[in-house]
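Residue numbers (the UniProt record's numbering), protein chains in the order written: chain D, 1 to 180; chain Y, 1 to 167. Scroll down for the structure; my scribbles are underneath it.
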Amino acid sequence: MGWIGDTVDSVKSIQIRQLLTQAVSLGMIVTSALIIWKGLMCITGSESPVVVVLSGSMEPGFKRGDILFLHMSKDPIRAGEIVVFNIDGREIPIVHRVIKVHERKDTGEVDVLTKGDNNYGDDRLLYAQGQLYLQRNHIMGRAVGFLPYVGWVTIIMTEKPIIKYILIGALGLLVITSKD
Amino acid sequence: MHSFVYRLNGLLTFSVTILAIMCAITSLSDNLHTPSPSAEIQVMNINWFQKQPQGNDEVSLTMNISADLQTLFTWNTKQLFIFVAAEYETPKNSLNQVSLWDAIIPSKEHAKFWIHTSNKYRFVDQGNNLRGKEFNLTLHWHVMPKTGKMFADKIVLTGYSFPEEYR
């Protein structure tokens, strides 16, 4: 029975209170990041208020690695706006410009054709089989502002996931070993 | 409190905050600027005007486009994306906008121009409503900044119309 008593003593000496405090502060950091993200989603009305430009189809305006701020309002979609949309069956959102708009008189619904500035032809090749136009429900938001180069962090972490694990591991280590 | 890691952390946080503030101020400075652009579009010729096998009208036209957009450029402007769109109403659609031609103006020197061109993109209606219809030609521009908020505006030119019959 002696060694059980020793083990219990060594467990108590890890200072449960300090461990719990650190776990709570880590939880606070993660939760406040989540609150900011969800708050941005509400303010901008878009499912993903910030996107990273992944391809060169909008050069020289947007290069790979730029980030775009999106906003979705009830305003009708008009030609020239840069929209971010999802094609059914594809998960990566595409950022292109609207070149054709047909708005129905009776329902107010809109058919939209898009094209990347740097592409030769319009996006009908990218749409689903037989789809000629996009509708409002495909569109996640309009691009209203942008910051250059900041998105490279996300691209590197997605394409080389090992860097993501190293970063998270280092951050975790830093939080655990910090004395305050 | 004075270890290398703390100093590096403090330096990085400070520089990122300063960079963010600089980007925001740069973008705000664009609001102080009032531009005065001008443009003119002439439809020189309707090259052909047909109904496609699927039932949609298609037209090809040649235009003279001249514009002076130099006042739109600020120190925070990376490029200007301009395009000419035809806007018209049909019985089924309250608004149709079809982009006919676009260009990227990379600098102020290129912003005053004159071009004679046929439509870059096919002008296809959703239906066959174009005969005798009046339409507007609008020159839109989108200011793409080096950083920050993007602006867009347009000039509407009215008084154009399609021929009464196919040709």
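All C-beta atoms in this analysis are idealised placements derived from N, C-alpha and C, irrespective of residue type, glycine included.
Put residue i into one of helix, strand or coil per three-state DSSP.
{"i": "Arg64 of chain D", "result": "coil"}
{"i": "Asn86 of chain D", "result": "coil"}
{"i": "Pro161 of chain D", "result": "helix"}
{"i": "Arg131 of chain Y", "result": "coil"}
{"i": "Asp180 of chain D", "result": "Low local confidence applies: a pLDDT of 49 at Asp180 of chain D is under 50, so the model's placement there is unreliable, and no value is given."}
{"i": "Arg167 of chain Y", "result": "coil"}
{"i": "Ile104 of chain Y", "result": "strand"}
{"i": "Glu109 of chain Y", "result": "helix"}
{"i": "Ser27 of chain Y", "result": "helix"}
{"i": "Leu132 of chain D", "result": "coil"}
{"i": "Met22 of chain Y", "result": "helix"}
{"i": "Arg122 of chain Y", "result": "coil"}
{"i": "Phe73 of chain Y", "result": "coil"}
{"i": "Trp114 of chain Y", "result": "strand"}
{"i": "Val150 of chain D", "result": "coil"}
{"i": "Leu95 of chain Y", "result": "strand"}
{"i": "Gly54 of chain D", "result": "Before going on, a small fix: residue 54 of chain D reads as Leu here, not Gly. In this structure, Leu54 of chain D counts as coil in the three-state DSSP scheme."}
{"i": "Leu70 of chain D", "result": "strand"}
{"i": "Gly10 of chain Y", "result": "helix"}
{"i": "Gly148 of chain Y", "result": "strand"}
{"i": "Ser15 of chain Y", "result": "helix"}
So residue i contacts chain D; which residues on that side make the cut at Cβ distance below 7 Å?
{"i": "Phe135 of chain Y", "result": "Those within 7 Å of Phe135 of chain Y in chain D number zero; the least Cβ separation is about 13 Å."}
{"i": "Met144 of chain Y", "result": "Gly61"}
{"i": "Tyr121 of chain Y", "result": "Ile99"}
{"i": "Ala85 of chain Y", "result": "Ala79"}
{"i": "Ala39 of chain Y", "result": "Residues of chain D passing the Cβ test: none, with the nearest at roughly 15 Å."}
{"i": "Ala152 of chain Y", "result": "Gly80"}
Buried or exposed for residue i, going by 16 or more other Cβ atoms inside 10 Å?
{"i": "Met22 of chain Y", "result": "exposed"}
{"i": "Ile105 of chain Y", "result": "buried"}
{"i": "Val5 of chain Y", "result": "exposed"}
{"i": "Val52 of chain D", "result": "buried"}
{"i": "Trp37 of chain D", "result": "exposed"}
{"i": "Trp141 of chain Y", "result": "buried"}
{"i": "Glu81 of chain D", "result": "buried"}
{"i": "Asn93 of chain Y", "result": "buried"}
{"i": "Gly10 of chain Y", "result": "exposed"}
{"i": "Met144 of chain Y", "result": "buried"}
{"i": "Val84 of chain Y", "result": "buried"}
{"i": "Asn96 of chain Y", "result": "buried"}
{"i": "Ser32 of chain D", "result": "exposed"}
Residues of chain Y with CB under 9 Å from residue i, in chain order?
{"i": "Gly151 of chain D", "result": "The premise fails here: Gly151 of chain D is roughly 13 Å from chain Y at the closest Cβ pair, so nothing lies under 9 Å."}
{"i": "Glu103 of chain D", "result": "Asn93, Ser94, Leu95, Asn96 and Gln97"}
{"i": "Asp75 of chain D", "result": "Those within 9 Å of Asp75 of chain D in chain Y number zero; the least Cβ separation is about 12 Å."}
{"i": "Asp117 of chain D", "result": "Phe81, Asp102 and Ile104"}
Expressed to the nearest angstrom, what Euclidean distance is found between the alpha-carbon atoms of residue i and residue j?
{"i": "Ala152 of chain Y", "j": "Gln18 of chain D", "result": "55 Å"}
{"i": "Tyr149 of chain D", "j": "Asp66 of chain D", "result": "5 Å"}
{"i": "Tyr160 of chain Y", "j": "Asp57 of chain Y", "result": "17 Å"}
{"i": "Leu70 of chain D", "j": "Thr44 of chain D", "result": "7 Å"}
{"i": "Glu103 of chain D", "j": "Ile139 of chain D", "result": "15 Å"}
{"i": "Gln52 of chain Y", "j": "Phe81 of chain Y", "result": "31 Å"}
{"i": "Glu47 of chain D", "j": "Thr158 of chain D", "result": "20 Å"}
{"i": "Ile99 of chain D", "j": "Arg7 of chain Y", "result": "51 Å"}
{"i": "Ser107 of chain Y", "j": "Leu20 of chain D", "result": "58 Å"}
{"i": "Asp180 of chain D", "j": "Lys164 of chain D", "result": "Bear in mind that a pLDDT of 49 at Asp180 of chain D, under 50, signals an unreliable position, so the model cannot answer this."}
{"i": "residue 207 of chain D", "j": "Met58 of chain D", "result": "The requested residue 207 of chain D does not occur in the structure, where chain D is confined to residues 1 to 180."}
{"i": "Ile77 of chain D", "j": "Ile162 of chain D", "result": "40 Å"}
{"i": "Gln131 of chain D", "j": "Pro91 of chain Y", "result": "23 Å"}
{"i": "Tyr127 of chain D", "j": "Ser73 of chain D", "result": "24 Å"}
{"i": "Gln79 of chain Y", "j": "Ala23 of chain D", "result": "49 Å"}
{"i": "Val50 of chain D", "j": "Asp106 of chain D", "result": "33 Å"}
{"i": "Gly172 of chain D", "j": "Gly108 of chain D", "result": "51 Å"}
{"i": "Leu100 of chain Y", "j": "Ile65 of chain Y", "result": "12 Å"}
{"i": "Gly27 of chain D", "j": "Leu34 of chain D", "result": "11 Å"}
{"i": "Leu69 of chain Y", "j": "Ser25 of chain D", "result": "54 Å"}
Identify the contact partners of residue i in chain Y, using a Cβ-Cβ distance below 7 Å as the criterion.
{"i": "Arg78 of chain D", "result": "Gln97"}
{"i": "Lys100 of chain D", "result": "Gln97, Val98 and Ser99"}
If you follow the alpha helix (DSSP H) that residue i is in, where does it begin and where does it stop?
{"i": "Gly80 of chain D", "result": "Premise fails: Gly80 of chain D is in no alpha helix (DSSP H) and is neither H nor E."}
{"i": "residue 254 of chain Y", "result": "The displayed coordinates of chain Y run from 1 to 167. Any statement about residue 254 of chain Y would go beyond what the structure contains."}
{"i": "Met28 of chain D", "result": "Ile16 to Thr44"}
At a CB-CB cut-off below 8 Å, which residues of chain D make contact with residue i?
{"i": "Lys149 of chain Y", "result": "Val144 and Gly145"}
{"i": "His140 of chain Y", "result": "Ala79 and Gly80"}
{"i": "Gln126 of chain Y", "result": "His102 and Asp111"}
{"i": "Ala111 of chain Y", "result": "Ordered by position in chain D, no residue passes the 8 Å Cβ test against Ala111 of chain Y, which lies about 16 Å from the chain."}
Within the continuous beta strand (DSSP E) that includes residue i, where are the two ends?
{"i": "Trp141 of chain Y", "result": "Glu134 to Pro145"}
{"i": "Met140 of chain D", "result": "Ile139 to Leu147"}
{"i": "Gly116 of chain D", "result": "From DSSP, Gly116 of chain D is part of no beta strand (DSSP E); its letter is neither H nor E."}
{"i": "Leu61 of chain Y", "result": "Asp57 to Asp68"}
{"i": "Thr158 of chain Y", "result": "Phe151 to Ser161"}
{"i": "His102 of chain D", "result": "Ile94 to Arg104"}
Closer than 8 Å by beta-carbon distance: list the chain Y residues that pair up with residue i, in chain order.
{"i": "Arg136 of chain D", "result": "Within chain Y, no residue comes near Arg136 of chain D; the closest Cβ sits about 14 Å away, beyond 8 Å."}
{"i": "Pro148 of chain D", "result": "Lys146 and Thr147"}
With 9 Å set as the bound, which would you pick, yes or no: does the beta-carbon of residue i sit closer than that to a beta-carbon of chain A?
{"i": "Ser66 of chain Y", "result": "The structure shown contains no chain A; its protein chains are D and Y."}
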